[in-house]
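Undergrad: First residue of the first sequence? That's 58 in my numbering, and the numbers climb one at a time after it. Don't be surprised by glycine CBs; every beta carbon is placed ideally from N, CA and C.
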Amino acid sequence: MKTISLGKPLLALDLTLHSGQSFHWDPEGDGWLGAMGDTPVYVEQIQGELFVNREARAAATSYLALDHPLEHIESTFPKDPVTQEALSFCRGMRILRQPKWEALATFITSSMKQVAHIAQISQTLRKRYGRELFLEGRTLYAYPTPEALAALQESDLRACALGYRAAHLLGAARLVASGEVNLESIAQMPDAEAQQALRRLPGVGEKVANCALLFGFERLRAFPVDVWIERVLRERYFPKEGKVTATMIRAFCAKAFGPYGGYAQQYLFHHARLTWKKG
DNA sequence: CTCCAGGTTCCGG
DNA sequence: CCGGAACATGGA
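Written out as structure tokens, the structure is:
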């Protein structure tokens, strides 16, 4: 594989590609093979130096968010022991800049699913309905467009093991494909307004909307609260006794984690998911 | 076998 | 605003 160097950015590549943001990266040689939007990419990191196939330079710089001032971002995290523990575990992890529809759609399919199964759904959808991409004899697949999915029947998607999520994904695809919901317009809105606009789509509640905003719309303050984050918050940030409501959690997260709350959230999520011990 | 997973939606208090 | 139930599927 012929590659070019992208220098030595602060980046934990392997961690970043397997932190539950994207779900389609396959091991290949010393690196990874996958699609960044419509660009087929091989990416590897050797002793801190980042390499990609030549045609992927621009796509990789954007997708890996090498323009995020990561050292500064990590310095804005709160100094409490829980966040700092997650930081030392995940240092160098970046929030990927994924295509808007891809981020939104993959998280519509994520509800009540383990990461491994979200990956399986993503791969099936890509192979059956995504555009073929070629890289040195390998075939990769882009995430299917809203138009491609909008043309299907719910039964087609159920056949991809989406279960009840099939109707959600199909409904969302049709609203986006028809132009009734315009993701580029949403990208121009302030955070709160953008969240409300996304929640007009079926299968998009507060959590999925925040995932889409964080991973696809460059809203680095968006703070998705899933079962893992809620577990950490309840165990480590709130007193054991007493009720903790969703409203309280929302208010706390908006205040406590700063302008890059979404980054802190992703570090907390990944750390919790990989180190949590029962009991 | 049971339990749970990067939730959303709908319905009564 | 809050809690509960239904919703599919597969890995642990």
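1) For I103, list the residues DSSP reports as bridge partners.
2) Bridge partners for F191 per DSSP, in chain order?
3) Quick check: the Cα distance between A308 and P126, rounded to an integer number of angstroms?
4) According to DSSP, what are the bridge partners of W89?
5) Any idea which residues DSSP pairs S62 with across the strands?
6) Does the count of Cβ pairs from the region 65-76 and the region 138-150 closer than 8 angstroms reach three?
7) Relative to the C-alpha of L70, which residue among S62, W89 and Q177 is closest?
8) Are there 16 or more other CB atoms within 10 angstroms of the CB of G187, so buried, or fewer, so exposed?
9) Which residues in the same chain have their Cβ closer than 8 angstroms to the Cβ of A311, if we skip the five residues on either side of it in sequence?
10) Taking 8 angstroms as the threshold, find out whether the region 95-115 comes into contact with the region 135-145 through three or more Cβ pairs.
11) Give every residue of the same chain whose Cβ lies closer than 7 angstroms to the Cβ of L144, excluding the five residues on either side of it in the sequence, and list them in chain order.
12) What's the C-alpha gap between D124 and L209?
13) Grab me the residues of A329's own chain with a C-beta within less than 8 angstroms of its C-beta, minus the 5 sequence neighbours each way, in chain order.
14) Would you kindly check if the distance between the Cβ of P97 and the Cβ of L206 is under 7 angstroms?
15) Please report the straight-line C-alpha distance between T196 and S235, rounded to a whole angstrom.
TA: So, to answer that:
1) E106
2) T196
3) 26 angstroms
4) P84 and V100
5) F108
6) yes
7) W89
8) buried
9) F280 and G318
10) no
11) E131, F134 and Y324
12) 37 angstroms
13) A143, W285, I286, R288 and V289
14) no
15) 30 angstroms
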